[in-house]
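Trainee:
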Amino acid sequence: MCGIIGAIAQHNIAGILLEGLHRLEYRGYDSAGLAIIDDQGHVQRIRRVGKVKALHEAVAHQPMIGKIGIAQTRWATHGEPTEQNAHPHISEHIAVVHNGIIENYQFIRALLIKRGYCFTSETDTEVIAHLTHWEQQQSGGSLLEVVQRVIPQLSGAYGAVIMDACHPDVLITARSGSPLVIGCGLEKNFIASDQLALISVTNHFIFLEEGDIAEVTRHKVDIFDKNKNSVKREVIKLQLKYDNGDKGTFCHYMQKEIYEQPIAITNTFKNRFKYDSIYFSELSNADNVLLSQVEHIQIIACGTSYHAGMVARYWFESLSMIPCDVEISSEFRYRKSVVRKNSLIITLSQSGETADTIAALRLSKKNGYLGSLAICNVANASLLRESDLAIMTKAGIEIGVASTKAFTTQLTLLLMLVVNIGRLHHMHVRVEQKIIKALKVLPTRIEQILSITKDIENLAKDFIDKQHVLFLGRGDHYPIAMEGALKLKEISYIHAEAYAAGELKHGPLALIDSNIPVVVIAPNNHLLAKLKSNIEEVRARNGLLYVFTNIDTGFTNTDRVKIIFLPQIENIISPILYTVPLQLLAYNIALMKGTDIDQPRNLAKSVTVE
Ligand code: M6R
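Heads up: the sequence shown begins at 204 in this note's numbering, then just goes up one per residue.
1) Does the distance from the C-beta atom of Ile525 to that of Val497 stay below 8 angstroms?
2) Where do the ends of the beta strand (DSSP E) carrying Arg250 lie?
3) Can you list the alpha helix (DSSP H) stretches of 4 or more residues lying completely in the stretch 748-812, in chain order?
4) Should Ser546 be counted as a contact of the ligand M6R given a C-beta to heavy atom distance under 7 angstroms?
5) So the alpha helix (DSSP H) Tyr462 belongs to, where does it begin and stop?
6) With 16 as the cutoff for other CB atoms within 10 Å, does Phe310 come out buried or exposed?
7) So what's His628 in DSSP terms, helix, strand or just coil?
8) Please list the terminal residues of the continuous alpha helix (DSSP H) segment that includes Met513.
9) Here's a check: name, in chain order, each residue in its chain whose Cβ is nearer than 8 angstroms to the Cβ of Asn406, leaving out the five neighbours to either side.
10) What residues are listed by DSSP as bridge partners for Met595?
11) How is the alpha helix (DSSP H) around Ala656 delimited, first residue to last?
12) Under 8 angstroms between the Cβ atoms of His499 and Asn545?
13) Identify the residues that DSSP records as bridge partners of Gln501: which are they?
14) Residue range of the beta strand (DSSP E) that Val424 falls in?
15) Run through DSSP, which three-state label would Thr647 get?
16) What separation, rounded to the nearest whole angstrom, lies between the Cα atoms of Leu346 and Ile375?
17) Below 8 angstroms between beta carbons: does that hold for Ser379 and Ala360?
18) Give me whichever residues DSSP pairs with Ser379 in a beta bridge.
19) What beta strand (DSSP E) runs, 3 residues minimum, are completely inside the stretch 283-340?
20) I think Thr611 touches Ile779, with their Cβ atoms under 8 angstroms apart; what is that distance to the nearest whole Å?
21) When you compare the stretch 381-389 with the stretch 325-332, are there three or more beta-carbon pairs, one atom per stretch, that lie closer than 8 angstroms?
22) For the pair the stretch 731-740 and the stretch 765-773, tell me if three or more CB-CB distances fall below 8 angstroms.
23) Are the CB atoms of His259 and Asp801 within a distance shorter than 8 angstroms?
24) State yes or no: is the C-beta of Gln464 nearer than 7 angstroms to some heavy atom of the ligand M6R?
25) DSSP three-state label for Val542, please.
26) Met366 by DSSP, collapsed to three states: which one?
27) When you compare only the Cα positions, how much space is there between Asp716 and Leu748?
28) Could you tell me the alpha carbon to alpha carbon distance between Tyr814 and Ile468, rounded to whole angstroms?
29) I believe Arg214 touches Lys270 by the beta-carbon criterion, under 8 angstroms. Please report the beta-carbon distance rounded to the nearest angstrom.
30) Within its chain, find whatever has a CB closer than 6 angstroms to the CB of Glu520; leave out the 5 residues flanking it on each side and keep chain order.
31) Quick check: the Cα distance between Ala563 and Leu617, rounded to an integer number of angstroms?
32) For Gln387, list the residues DSSP reports as bridge partners.
33) Taking 8 angstroms as the cut-off, decide whether the C-beta atoms of Val252 and Thr276 are in contact.
34) Taking only heavy atoms of the ligand M6R into account, decide whether any of them is closer than 7 angstroms to the Cβ of Thr280.
35) Would you check if the distance between the CB atom of Leu769 and the CB atom of Phe751 is smaller than 8 angstroms?
36) Just to check, is the beta-carbon of Gly687 closer than 7 angstroms to a non-hydrogen atom of the ligand M6R?
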């Protein structure tokens with residue numbers, strides 16, 4: 204994961220590097236570091252454990268001045284989050300920042316130790332610094348030539364920026380699996396893992412392609428492909444806004460993002476309802492012809508996005524009659540799977556940079572799918588650029604690591620896609636109209652649910668001392684139970700599991716005692732009677748139940764059964780609506796426990812390593 208940045212200019216670049224790091228913090232926040240080459244031609248470095256703020260304070264204390272520099276915010280893969288393991292890593296006059304994993308680092312490390320190098324960290328990255336130094340000592344050449352000799356010796360997926368105090372007028376950057384973008388300025392140029400890091404200094408970007416190595420000076424950018432051929436990559440002008448705003452009256456970004464869901468969904472609707480149906484301006488006539496040929500859908504995603512895919516499977520099969528499978532990207536990419544005839548691969552990702560999902564998409568291209576469609580929330584993300592078709596959710600930037608509005612807008616968009624594809628497959632107009640009618644009231648229904656927060660706040664205290672929580676759901680609400688459990692474990696650190704309620708008696712019932720809370724998602728649908736039987740099974744064992752349900756389901760509160768009634772709910776959009784109280788529940792429990800809600804321990808917003 205990790206966010207990396209490099210800058211070269213005529214003026215001091217320390218401030219730019221630090222500001223960029225703050226914007227990259229969503230990629231990791233366990234330690235951070237910065238190195239510059241000062242006016243005497245020496246590499247100066249400061250590293251700190253913790254968030255970028257700690258590094259910022261250290262630099263304020265001990266100013267760093269230089270016209271060329273690199274920096275990183277880390278999410279530890281190799282070696283604990285300590286100052287010694289923090290980047291940049293240095294080998295005499297060479298400094299390196301890196302995002303990703305060098306898979307053969309142990310072999311290279313052993314080799315370099317034999318050659319006399321001393322390692323000061325447990326990281327895989329340090330081998331890049333020493334190997335660059337070794338290659339330079341052995342055969343010399345420009346920093347570009349040296350790095351071009353180093354890169355073929357490394358395996359894994361990574362992006363790196365390298366600088367050398369002996370060549371203080373150039374940065375070299377190499378992309379192999381992890382995204383890298385160059386920001387172009389006047390008499391200054393920049394490199395980062397994400398253009399967001401650079402939007403205060405430029406709006407002109409070059410996206411490097413796989414295998415590219417770039418030589419970046421103040422005046423120009425030269426790019427070479429993996430065969431060392433000079434290549435041109437388009438300069439793209441982007442008007443990006445970094446809208447992290449402030450939290451306003453909210454205590455956390457996650458809370459703000461939960462409350463933004465009605466507007467995020469309204470934005471996702473924008474210009475997509477036309478002539479009583481749903482159309483996506485991103486899809487051309489040719490794209491719709493392709494979609495009309497689809498006989499099977501394969502959804503690929505990770506984490507929360509995977510849960511959205513699981514709900515979509517119920518929708519695709521029951522509403523548009525198209526067979527659909529869903530798989531976790533990290534499983535799909537290493538499995539030999541049979542590709543169904545005329546199968547469309549749909550990748551779901553908030554960030555569009557999730558390494559496993561990108562790898563799964565790349566694999567699918569070799570396997571004879573009819574086409575690929577990406578659903579993302581971040582413009583220009585790798586997944587969008589590499590897919591045949593792309594549709595954006597319009598949730599706006601999501602800062603909280605725990606995904607909330609990105610999930611509900613994914614679900615909204617997927618339901619809209621069900622209509623779009625369903626229409627091309629002769630979905631009955633009555634079904635189409637029913638879905639559209641339900642979708643249109645969705646923002647209002649969420650607002651109604653957000654108005655019962657007091658009830659949910661009151662529940663939170665029951666959970667703060669618990670070690671385990673069980674979530675149960677059935678049908679298209681089973682993935683919502685999974686999402687509720689994921690939210691809870693992510694931000695409160697309470698172990699939570701979700702089960703399809705019908706599975707209870709096949710094992711998890713053994714967990715039930717008077718102490719473990721069981722959260723049940725019980726909408727008033729065709730599975731309610733079945734779910735009521737499952738609730739009785741828990742009750743009979745003195746279980747502690749928290750039942751989220753509709754007003755008209757006939758549940759009553761007892762000592763050991765707390766009922767949380769939700770306002771009126773349309774069945775089709777019910778999975779989207781039931782998500783909201785579970786987000787609020789997790790949020791309030793975490794709030795009472797005092798965890799770092801927006802940046803929970805050990806996690807990062809964008810998972811760019813496998
Ligand atoms: O950016 P993506 O949607 O591809 O990310 C996938 C998961 O890493 C992400 O959903 C993760 O599970 C969230 N932290 C969940 O809240």
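All C-beta atoms, glycine included, are put in the ideal place defined by N, C-alpha and C.
Model, not experiment: these values are computed from the prediction.
Mentor: Per the coordinate set shown:
1) Yes.
2) If you look at Arg250, you'll find it in the beta strand (DSSP E) that goes 246-252.
3) The qualifying runs are 777-796.
4) No.
5) Start and end: 456-462.
6) The residue in question, Phe310, is exposed, as its Cβ has fewer than 16 Cβ neighbours within 10 Å.
7) If DSSP states are grouped into helix, strand and coil, His628 belongs with coil.
8) Counting along the chain, the alpha helix (DSSP H) containing Met513 begins and ends at 506-522.
9) Excluding residues within five positions, the ones whose Cβ falls inside 8 angstroms are Lys440, Leu441, Gln442, Leu443.
10) Residue pairing of Met595 in beta bridges, as defined by DSSP: Cys579.
11) Checking the sequence, you will find Thr at residue 656 rather than Ala. Per DSSP, Thr656 belongs to the alpha helix (DSSP H) from 656-663.
12) The answer is yes: Cβ separation under 8 angstroms.
13) According to DSSP, Gln501 bridges with Asp528, Ile548.
14) Looking at the DSSP string, the run of the beta strand (DSSP E) that includes Val424 is 424-427.
15) Correct three-state label for Thr647: helix.
16) Cα-Cα distance, rounded: 7 angstroms.
17) Yes, Cβ-Cβ distance for Ser379 and Ala360 is below 8 angstroms.
18) Partner residues in the beta bridge of Ser379, as assigned by DSSP, are Tyr361.
19) Runs found: 292-294, 297-305.
20) That belief holds up - the Cβ atoms of Thr611 and Ile779 are roughly 5 angstroms apart, short of 8 angstroms.
21) No: fewer than three Cβ pairs fall under 8 angstroms.
22) As far as the Cβ criterion goes, the stretch 731-740 does not touch the stretch 765-773, which means the pair count is below three.
23) Contact check for Asp801 against His259 fails: the beta carbons are separated by 8 angstroms or more.
24) False, no ligand heavy atom lies under 7 angstroms from that Cβ.
25) Coil, per DSSP.
26) In the structure shown, Met366 sits in a strand (DSSP, three-state: E or B).
27) CA-CA distance, Asp716 to Leu748, rounds to 11 angstroms.
28) Any answer about residue 814 is impossible in this case: the structure gives the chain only from 204 up to 813.
29) Sequence check: residue 214 is His here, not Arg. For His214 against Lys270, the beta-carbon gap comes to about 7 angstroms, under 8 angstroms, which counts as contact.
30) Sequence-distant partners of Glu520 (beyond 5 residues in either direction) whose C-beta falls short of 6 angstroms from its own C-beta, in its chain, are Cys527.
31) One C-alpha to the other measures close to 20 angstroms.
32) The residue you asked about is not Gln; residue 387 is Cys in the sequence shown. Answer by DSSP bridge pairing, in chain order: Asn392.
33) Cβ atoms of Val252 and Thr276: not closer than 8 angstroms.
34) Checking every heavy atom of the ligand M6R against the Cβ of Thr280, none is found closer than 7 angstroms.
35) Less than 8 angstroms separates the beta-carbon of Leu769 from that of Phe751.
36) Result no, Cβ not under 7 angstroms from the ligand M6R.
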